[in-house]
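By my numbering, the letter at position 166 of the sequence shown is numbered 167, and the numbering carries on one by one without gaps. Idealized CB from N, CA, C, for every residue including glycine. The model shown is predicted, which means the values in this text are computed figures rather than measured ones.
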Amino acid sequence: MTHRTWSIGELAAGTGLAVKTLRYYSDSGLLPVAERSSGGHRRYGPEAWERIGLIRRLRALDTPIAAIARIASGEQAIGELVANELASVQAQLTQLRWREATLRALDECADGERLRRLEILARVQRLPQARQSLTDHWYRELPAEMPKRRLGLMVAMLSPEPPADPSPASALAYAEIHVLVSTPGFTRWTGDHAEEMRDAPAFYGEIDEAAALTAAAVGARLPPGPGAAVDAFVSAHARARGESDTPAFRRQLHALVSRSSGFDPRLRRYWGLLDTVTGGRSLNMTAAHAWLTEGLGRSIAEAGRP
2 MTHRTWSIGE
12 LAAGTGLAVK
22 TLRYYSDSGL
32 LPVAERSSGG
42 HRRYGPEAWE
52 RIGLIRRLRA
62 LDTPIAAIAR
72 IASGEQAIGE
82 LVANELASVQ
92 AQLTQLRWRE
102 ATLRALDECA
112 DGERLRRLEI
122 LARVQRLPQA
132 RQSLTDHWYR
142 ELPAEMPKRR
152 LGLMVAMLSP
162 EPPADPSPAS
172 ALAYAEIHVL
182 VSTPGFTRWT
192 GDHAEEMRDA
202 PAFYGEIDEA
212 AALTAAAVGA
222 RLPPGPGAAV
232 DAFVSAHARA
242 RGESDTPAFR
252 RQLHALVSRS
262 SGFDPRLRRY
272 WGLLDTVTGG
282 RSLNMTAAHA
292 WLTEGLGRSI
302 AEAGRP
């Protein structure tokens, strides 16, 4: 072509696109108009050919016209568009995998159980809203005196993201934890007895240290017993109550944690379900509490031996 400008009909003939389509692109501001003919018709310069190529490539990826318009205007870079589209596709894939896991969970059980599963799995088909409901619950229920950073960590642990590639078991477990938190009277956090603390922030800091040591011991499959984890646990409670780590205090603390077991039975089940949801990647607090309780008992027994 030797033209410096082209009519819309010439663009259509050269690109194989319908005039109606090109007119729509032009009216949407996607095709820059170089000039007007003496009759008032739009004429297009070389940049129109380049823009049509870009539009066709983006449309081949099902990119919406509105998004192409933002790229054409310079409002959005192609890299940003790609990142946004990739995130959208990944979210759609997660939703499809979740639907597949849900259907498999319903397919692999008897009719009576299927009806029960259907009722609870229906609660978590809108994944962002499902997770938000858990987050909101734990922000309401965890102790207000808990330091902000620890509160955020605990909420994240107690309300994990839905598994991106769930198994039927993990999808079902995720639904089950929603059933638990919606149960009337489902307990708030009771393990730390924070209402008795003189300095809650310091207490929670020391408890976090004890939890880290416990996680390491449990991960190493060490049997419960005297050691750094138990000492840190006792020290946190003793300091917070203004007492010393004595045999008498250890017996008192052991009686307290043994009597309460630290958790409502439903919360024990909650941590077990979280194990299934996360694949055991987070510390099961009921298992940690049981390990510390038994370890504290053994430390008392060993200290009392002649």
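Between Y175 and V125, the C-beta gap is smaller than 8 Å, which places the two residues in contact. Taking the CA atoms as reference points, V231 sits about 37 Å from D166. Ranked by how close their Cα comes to the Cα of T287, the residues L223, L143, V219, S171 have V219 in first place. Look at R43 here: in three-state DSSP terms it is strand. R252 and L297 have their C-alpha atoms spaced approximately 9 Å apart.
Assignment of R270 by DSSP, reduced to helix, strand and coil, places it in the helix class.
Assigned with DSSP and collapsed to three states, E76 falls in coil, not helix or strand.
Measuring C-alpha to C-alpha distances from Y26 to each of A88, A73, E36 identifies A73 as the nearest.
If you ignore the 5 residues before and after P225, its C-beta comes within less than 7 Å of the C-beta of W292, E295, G296, R299, all in its own chain and listed in chain order. The closest CA to that of M158, considering only V34, L275, T215, H290, is found on L275. With respect to the 8 Å criterion, W99 and Y45 are not classified as neighbours on the basis of their beta carbons.
Contact between I69 and L135 does not hold, since the beta-carbon distance rounds to 38 Å and is not under 8 Å. For E36, DSSP records a beta bridge to R44.
Apart from sequence neighbours up to five positions away, the residues of its chain that approach Q77 with a beta-carbon distance below 6 Å are R71, ordered along the chain. If you draw a straight line from the Cα of C110 to the Cα of R267, it comes to about 24 Å. Within the DSSP secondary-structure output, W7 pairs in a beta bridge with Y45.
As the crow flies, the alpha-carbon of R24 is around 33 Å from that of Q93. For A221, there is no enclosing alpha helix (DSSP H), as DSSP marks it with neither H nor E.
Distance between A102 and R118, taken at the CA atoms: about 12 Å. Shown here for S29: same chain residues with a beta carbon closer than 8 Å to its own, the five before and five after excluded, namely I66, A70 in chain order.
The shortest C-alpha to C-alpha distance from V182 to any of S160, E114, A170 is the one to S160.
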